[in-house]
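Student: I have a structure I would like to understand better, so I am pasting it below and will then ask my questions one at a time.
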Amino acid sequence: MMEMFADNIFGDIPITGLLDLLGVRYTGSGPGELYLSQDKALSKKLLSYEDILYPRFAVFNKDSEIETGGNLRMPLFVKPLRSDASLGVSGSRWSTIHCS
3 MMEMFADNIF GDIPITGLLD LLGVRYTGSG PGELYLSQDK ALSKKLLSYE DILYPRFAVF
63 NKDSEIETGG NLRMPLFVKP LRSDASLGVS GSRWSTIHCS
């Protein structure tokens, strides 16, 4: 079982790619599926294409102002785009977000 390689949380993608290239059998997702599952926005776009319901979402650059165009309402779950769970979310950046 592997979720990351060494200190690299995305290390499972190249490792499974290497296993594929070497013809080594393993269970679980391949590198393409792992990549898709780690990109939350791309995954939701694929769900939309297949007409599968999912929660509304917006993607923000870490330096951008938070503006959803009225598509989202507080309270919100804020998660990194390509990190597992809440890895990379710190209180200092998000503590300045407030709703008027």
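Residues 3 to 102 (this note's numbering) make up the sequence shown, in order.
We put the CB at the ideal spot given by N, CA and C, even for glycine.
1. Are the CB atoms of Thr18 and Leu44 within a distance shorter than 8 Å?
2. Among Tyr51, Lys47, Glu67, which residue has its Cα nearest to the Cα of Phe59?
3. On the premise that Leu78 lies in contact with Val61, defined as a C-beta separation below 8 Å, what is that separation, rounded to the nearest angstrom?
4. So Phe7 and Gln40 are in contact, right, with Cβ under 8 Å, and what is the actual spacing, rounded?
5. Measure the alpha-carbon distance for Leu20 versus Asp9 and round it to whole angstroms.
6. On the DSSP letters alone, give me the boundaries of the alpha helix (DSSP H) that Thr18 sits inside.
7. Identify every run of the alpha helix (DSSP H) within the segment 31–74, keeping only runs that are complete inside it and at least 4 residues long; order them along the chain.
8. Roughly how many angstroms separate the alpha carbons of Tyr28 and Ile54, rounded to a whole number?
9. Going by the CB atoms, is the gap between Asp22 and Gly32 shorter than 8 Å?
10. Relative to the C-alpha of Asp14, which residue among Lys42, Asn63, Gly34 is closest?
Tutor: Reading it off the structure:
1. Position 42 of the sequence shown, counted from the first residue, corresponds to residue 44. Position 16 of the sequence shown, counted from the first residue, corresponds to residue 18. For Leu44 and Thr18, no; Cβs fall outside 8 Å.
2. What you label residue 59 is simply residue 57 of the sequence shown in a count that begins at 1. When only C-alpha atoms are compared, the closest one is Lys47.
3. In the sequence shown, counting from the first residue as 1, residue 61 sits at position 59. In the sequence shown, counting from the first residue as 1, residue 78 sits at position 76. Taking C-beta atoms under 8 Å as the contact rule, Val61 and Leu78 fail to qualify, at a distance of about 13 Å.
4. As a first step, residue 7 must be located in the sequence shown, where it is residue number 5. As a first step, residue 40 must be located in the sequence shown, where it is residue number 38. Not confirmed; about 13 Å, so no contact.
5. Start at 1 with the first residue of the sequence shown, and residue 20 comes out as number 18. Start at 1 with the first residue of the sequence shown, and residue 9 comes out as number 7. Distance between the alpha carbons of Leu20 and Asp9: 18 Å.
6. What you label residue 18 is simply residue 16 of the sequence shown in a count that begins at 1. Residues 14–24.
7. 33–40, 42–51
8. Translated into positions along the sequence shown, residue 28 becomes position 26. Translated into positions along the sequence shown, residue 54 becomes position 52. Distance between Tyr28 and Ile54, taken at the CA atoms: about 29 Å.
9. As a first step, residue 32 must be located in the sequence shown, where it is residue number 30. As a first step, residue 22 must be located in the sequence shown, where it is residue number 20. In contact: Gly32 and Asp22 (Cβ atoms closer than 8 Å).
10. Sequence index remark: in the sequence shown, residue 14 carries index 12 (1-based). The candidate whose alpha carbon is nearest that of Asp14 is Gly34.
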